[in-house]
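A.B. asks: Numbered according to the working numbering, the sequence shown terminates at residue 682, and the numbering increases by one at each position without gaps.
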Amino acid sequence: MKKTLLSIASFLKKIPETPIATSMIVLFFASIVVINLSLPLYSQNFDAFYSNILAEAHGMLFDIFFMGIIIFWLNQNAERKLNIKRYLDDIDDLRYWNSQEAAFRNVGNIKRLNRENIQKLNLSHCYLQHTTLNKVILDNSNLNSSDLTNCSLISAKLRNVRFNQAKLENARMDFADLESAHLSGADMKGSSPIRASFKNANMIKTNLEDALLMETNFEGACLIGTNFKNANLSKANLKGAVGLTVDQLLESKSLFNAKLDHELHVQITLLKPELIG
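In structure tokens:
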């Protein structure tokens with residue numbers, strides 16, 4: 406008997422710890438009370454009882470729609486906004502902190518914000534060395550003076566992004582879209598924007614020394630003072646580039662099958678034909 410009482414006591418103590426069990430017990434006892442009170446209606450006035458049940462069912466449907474769907478949507482929307490604010494605040498907190506922990510946390514925040522369709526971010530002075538940001542979308546973002554050394558940005562969408570004075574040494578940028586980007590003073594030494602697009606980009610005094618620029622599009626880009634020393638420009642499109650001079654191209658490693666304005670092509674052919682091949 407004592408063991409039985411102890412078992413019951415133990416069971417009763419555990420009930421509050423299991424919400425489903427608690428709900429089932431409440432439902433069981435409530436059903437007993439309600440059914441016992443309703444027994445006369447089942448036998449004597451079933452039609453009226455049935456009408457009331459249908460009325461309550463319609464009310465339940467309204468509750469499910471309004472309380473279950475609309476309120477849930479509002480809560481989800483509010484939670485989404487709070488999450489976005491938290492990610493943005495975290496980026497602000499990590500700004501100017503040059504550590505690998507900061508870099509990985511920044512990447513996590515960027516990817517979470519991308520999943521929430523937030524693409525325009527303020528990442529200026531952020532540390533992103535040795536990180537992977539393939540296929541991210543950061544159109545119209547601010548990455549001025551950010552550090553993306555050895556970062557992977559393969560197939561990233563970076564249109565109209567500000568990279569002024571940014572560090573992009575040895576960055577992998579194959580197929581990246583940097584149309585109309587601002588890269589004045591950016592250090593891209595040893596980077597590999599193979600088949601990337603810098604169409605209409607502002608690249609004044611950008612350092613592209615030792616860069617792999619095969620099949621890269623510079624159409625309409627401003628290349629005043631851009632450093633192409635030892636850069637591979639094979640099959641690159643340099644037609645219509647603004648401020649591009651023969652002296653800049655003569656320092657490159659290769660211009661094999663590159664698309665050049667007629668005047669530049671003639672001068673390169675006369676001065677250093679081996680570049681064109």
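C-beta: ideal position from N, C-alpha, C; glycine also.
Quick one: is A483 buried, meaning 16 or more other Cβ sit within 10 Å of its Cβ, or exposed?
C.D. replies: Reading the sequence shown from its first residue, position 78 is the one you call residue 483. Exposed, since its Cβ has fewer than 16 Cβ neighbours within 10 Å.
A.B. asks: I'd like to know whether the C-beta atoms of A586 and L563 end up nearer to each other than 8 Å.
C.D. replies: Within the sequence shown, numbered from 1, the residue matching residue 586 stands at position 181. Within the sequence shown, numbered from 1, the residue matching residue 563 stands at position 158. Yes, these two residues count as a Cβ contact at 8 Å.
A.B. asks: Taking the alpha carbon of V566 as the point to measure from, which residue in N555, S557, A581 has its own alpha carbon closest?
C.D. replies: The residue labelled residue 566 in the question sits at position 161 within the sequence shown. Taking each of N555, S557, A581 in turn and checking the Cα distance to V566, the smallest one comes out for A581.
A.B. asks: Please work out which residues of its chain come closer than 8 Å, Cβ to Cβ, to I489, disregarding the five sequence neighbours upstream and downstream, and give them in chain order.
C.D. replies: Counting from 1 along the sequence shown, the entry for residue 489 is found at position 84. The residues are L518, E521, I523.
A.B. asks: Tell me, which residues are paired with I542 by DSSP?
C.D. replies: The residue labelled residue 542 in the question sits at position 137 within the sequence shown. Answer is K562.
A.B. asks: Going by DSSP, name the residue or residues bridged to D552.
C.D. replies: In the sequence shown, the residue the question calls residue 552 occupies position 147. DSSP lists Y532, K572 as partners of D552.
A.B. asks: Alpha carbon to alpha carbon, what distance is there between Q653 and K677?
C.D. replies: Your numbering for residue 677 matches position 272 in the sequence shown. Your numbering for residue 653 matches position 248 in the sequence shown. Their backbone Cα atoms lie some 12 Å apart in a straight line.
A.B. asks: Taking Q534 as the reference, which of Y501, Q505, K644, A606 has the closest Cα?
C.D. replies: Taking the first residue of the sequence shown as 1, we reach residue 534 at position 129. The shortest Cα separation from Q534 among Y501, Q505, K644, A606 belongs to Q505.
A.B. asks: Given that a residue counts as buried once 16 or more other Cβ atoms are within 10 Å of its Cβ, and exposed if not, what is I430?
C.D. replies: As a first step, residue 430 is located in the sequence shown; it is residue number 25 there, counting from the start. By the neighbour-count rule (16 or more Cβ atoms within 10 Å), I430 is not buried but exposed.
A.B. asks: Starting from K486, follow the alpha helix (DSSP H) in both directions and report where the run begins and ends.
C.D. replies: The residue labelled residue 486 in the question sits at position 81 within the sequence shown. Unbroken alpha helix (DSSP H) run through K486: 476-499.
A.B. asks: For the alpha helix (DSSP H) containing N642, name the first residue and the last one.
C.D. replies: In the sequence shown, the residue the question calls residue 642 occupies position 237. Note, N642: premise wrong, no alpha helix (DSSP H); not H, not E.
A.B. asks: Using DSSP's beta-bridge definition, name the partner residues of K664.
C.D. replies: Within the sequence shown, numbered from 1, the residue matching residue 664 stands at position 259. Within the DSSP secondary-structure output, K664 pairs in a beta bridge with N642.
A.B. asks: Anyone know if the C-beta pair for M578 and S602 falls short of 8 Å?
C.D. replies: On the sequence shown, position 173 is the one that residue 578 refers to. On the sequence shown, position 197 is the one that residue 602 refers to. The answer is no: Cβ separation not under 8 Å.
A.B. asks: So T536 and A508 are in contact, right, with Cβ under 8 Å, and what is the actual spacing, rounded?
C.D. replies: In the sequence shown, residue 536 corresponds to position 131, counting from 1. In the sequence shown, residue 508 corresponds to position 103, counting from 1. Confirmed, Cβ separation roughly 5 Å.
A.B. asks: What does L649 pair with, by DSSP beta-bridge criteria?
C.D. replies: Here residue 649 refers to the residue found at position 244 when the sequence shown is read from its first residue. Beta-bridge pairing links L649 to no other residue.
A.B. asks: Assuming A646 contacts F623 under a Cβ cut-off of 8 Å, what Cβ separation, rounded to an integer in Å, is found between them?
C.D. replies: Your numbering for residue 646 matches position 241 in the sequence shown. Your numbering for residue 623 matches position 218 in the sequence shown. Indeed, because the Cβ distance is near 5 Å, the residues count as touching under 8 Å.
A.B. asks: Consult DSSP for T674 and reduce its assignment to one of helix, strand or coil.
C.D. replies: Here the question's residue 674 lines up with position 269 in the sequence shown. Here T674 sits in helix by DSSP.
A.B. asks: Classify L459: buried if its beta carbon has 16 or more other beta carbons within 10 angstroms, exposed otherwise.
C.D. replies: Taking the sequence shown and counting its residues from 1, the one referred to as residue 459 is at position 54. Exposed.
A.B. asks: Report yes if the CB atom of K540 is closer than 8 Å to the CB atom of S560, and no otherwise.
C.D. replies: Along the sequence shown, read from residue 1 onward, the residue named residue 540 stands at position 135. Along the sequence shown, read from residue 1 onward, the residue named residue 560 stands at position 155. Taking 8 Å as the Cβ cut-off, K540 and S560 qualify as a contacting pair.
A.B. asks: Can you tell me which of the three DSSP states R600 falls into?
C.D. replies: Position 195 of the sequence shown, counting from 1, holds the residue named residue 600. In the structure shown, R600 sits in coil (DSSP, three-state: anything other than H, G, I, E or B).
A.B. asks: Between the Cα of R500 and those of N527, A616, L643, spot the shortest distance and give me the residue it belongs to.
C.D. replies: On the sequence shown, residue 500 is found 95 positions in, with the first residue counted as 1. Here the closest residue by C-alpha is N527.
A.B. asks: Taking 8 Å as the threshold (C-beta atoms), are L649 and L675 in contact?
C.D. replies: By 1-based counting over the sequence shown, the position of residue 675 is 270. By 1-based counting over the sequence shown, the position of residue 649 is 244. No, the pair does not count as a contact, with Cβ atoms beyond the cut-off.
A.B. asks: Quick one: residues in its chain with C-beta nearer than 8 Å to the C-beta of S657, no 5 flanking neighbours on either side, listed in chain order?
C.D. replies: For this step, residue 657 is matched to residue 252 along the sequence shown. Here the set comprises F633, K634, N635, A636, N637, L638, L680.
A.B. asks: Does the beta-carbon of S546 have 16 or more other beta-carbons within 10 angstroms, so that it is buried, or is it exposed?
C.D. replies: Counting from 1 along the sequence shown, the entry for residue 546 is found at position 141. With 16 or more Cβ atoms within 10 Å of its Cβ, S546 is classed as buried.
A.B. asks: Can you give the beta carbon distance from A641 to A663, rounded, assuming they're within the 8 Å contact cut?
C.D. replies: By one-based count along the sequence shown, residue 641 stands at place 236. By one-based count along the sequence shown, residue 663 stands at place 258. So it is a contact: roughly 5 Å between Cβ atoms.
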